[in-house]
Ligand SMILES: C[S@@+](CC[C@H](N)C(=O)[O-])C[C@H]1O[C@@H](n2cnc3c(N)ncnc32)[C@H](O)[C@@H]1O
């Protein structure tokens, strides 16, 4: 655990918070996941290094990084299955908030045959992906919309553990933007911290969670954290997701604990009659044969 994490935990403890290992908070391990080892298929995969790995999985645990990457892609397939869709039935796919490619690394086959994109605010993670995930076209995006993509550019957008870190105002702006870049009839898969993650209510937010439906805790990550200060922690009650997100999308499935056993997985679809003419994306780099 890095120095700043110790400092942050000490500061929280001093203020009377129940201190837990926040590093487990981004992709929290359920008991059956504690003993994971690096999957054999990952032996030949590039290693983003401790710093970038810890930004996405909360600790420099390579086994956890690769193991959860494989698992998250399986879960994505499973959730899409609810709508009778296979991952490779999509033509143009965006990993929104891809970080250093935890999931993209498990999509090489897909990236060779489909248009695969990734975007993130983290310029260092994107620089690493550019060098090591050549079958995906990756870019840095700004804190606020727009993305550089055309209207209706994608028929699938997924974002694992991104809306879990953004406040409501920004979320709304990003939901509208993700709707713009998704083709009518296209799908989105987003994860949230819901009832499962709330668990024993270690942040003491249950009342707000139930009443407001969305709770943004704005002082989890201190100034030492490598991402901007607005990057914090958000919980969503399922009713809020159904009520609020359905302004822009149809909710096709809600899977409690469907993302690594701790985050909920939401399958959204841009309505077919929500029309905008699809425009082709610019040519993209592909891995040389
Ligand atoms: C917990 S990490 C998860 C990374 C990746 N999705 C995964 O599952 O490994 C959250 C990621 O979301 C990115 N992020 C947060 N807000 C974003 C935004 N508005 N646009 C793009 N990326 C964002 C962060 O930079 C970080 O890489």
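In our numbering, the protein residues as written are 1 to 289. Just so you know, even glycine gets a beta-carbon here, dropped at the ideal spot from N, CA and C.
{"Check": "For residue 231, three-class secondary structure by DSSP", "Outcome": "coil"}
{"Check": "Cβ-heavy atom distance, residue 121 to ligand 1, below 7 Å", "Outcome": "yes"}
{"Check": "Spatial neighbours of residue 178 in its chain, beta-carbon cut-off 7 Å, leaving aside the 5 residues before and after", "Outcome": "96, 157 and 188"}
{"Check": "Short Cβ contact (8 Å threshold) for residue 264 with residue 166", "Outcome": "no"}
{"Check": "Sub-8 Å separation of residue 293 and residue 152 beta-carbons", "Outcome": "Outside the modelled stretch of the chain, which goes from 1 to 289, sits residue 293, for which no answer is possible."}
{"Check": "Between the CA atoms of residue 175 and residue 76 - distance to the nearest angstrom", "Outcome": "19 Å"}
{"Check": "Stretch-stretch touch, CB-based, cutoff 8 Å, three pairs: the segment 67–86 with the segment 98–106", "Outcome": "yes"}
{"Check": "DSSP state of residue 225 mapped onto helix, strand, coil", "Outcome": "coil"}
{"Check": "Start-to-end residues for the alpha helix (DSSP H) that takes in residue 140", "Outcome": "It is not in any alpha helix (DSSP H) - residue 140 instead sits in the beta strand (DSSP E) that spans 137–140."}
{"Check": "Residue 289 in three-state terms, based on DSSP", "Outcome": "Note that residue 289 scores a pLDDT of 47, beneath 50, so its modelled location is shaky; the value from the coordinates is reported in the next line. Correct three-state label for residue 289: coil."}
{"Check": "Contacting residues, own chain, Cβ-Cβ under 7 Å from residue 87 (five flanking each side not counted)", "Outcome": "76, 77, 80 and 110"}
{"Check": "Which residues DSSP lists as bridging residue 255, in chain order", "Outcome": "265"}
{"Check": "C-alpha distance - residue 11 paired with residue 154, whole-angstrom precision", "Outcome": "With a pLDDT of only 35 at residue 11, under 50, the local geometry of the prediction cannot be trusted, and the value read off the model is given with reservation. For residue 11 and residue 154, the distance between alpha carbons rounds to 43 Å."}
{"Check": "Cβ-Cβ separation, residue 272 to residue 237 (assumed contact under 8 Å), whole Å", "Outcome": "Residue 237 to residue 272, Cβ: 28 Å. No contact."}
{"Check": "Cutoff 8 Å: residue 198 Cβ touching any chain D Cβ", "Outcome": "Annotation note: the requested chain D is absent from the structure, which comprises a single protein chain."}
{"Check": "Per-residue burial, residue 21 [other beta carbons within 10 Å of its own, 16 or more giving buried]", "Outcome": "Residue confidence for residue 21 is low, a pLDDT of 33 falling below 50, so the modelled location carries little weight; the figure read from the coordinates is stated next. Classification of residue 21: exposed, given that the 10 Å Cβ count is below 16."}
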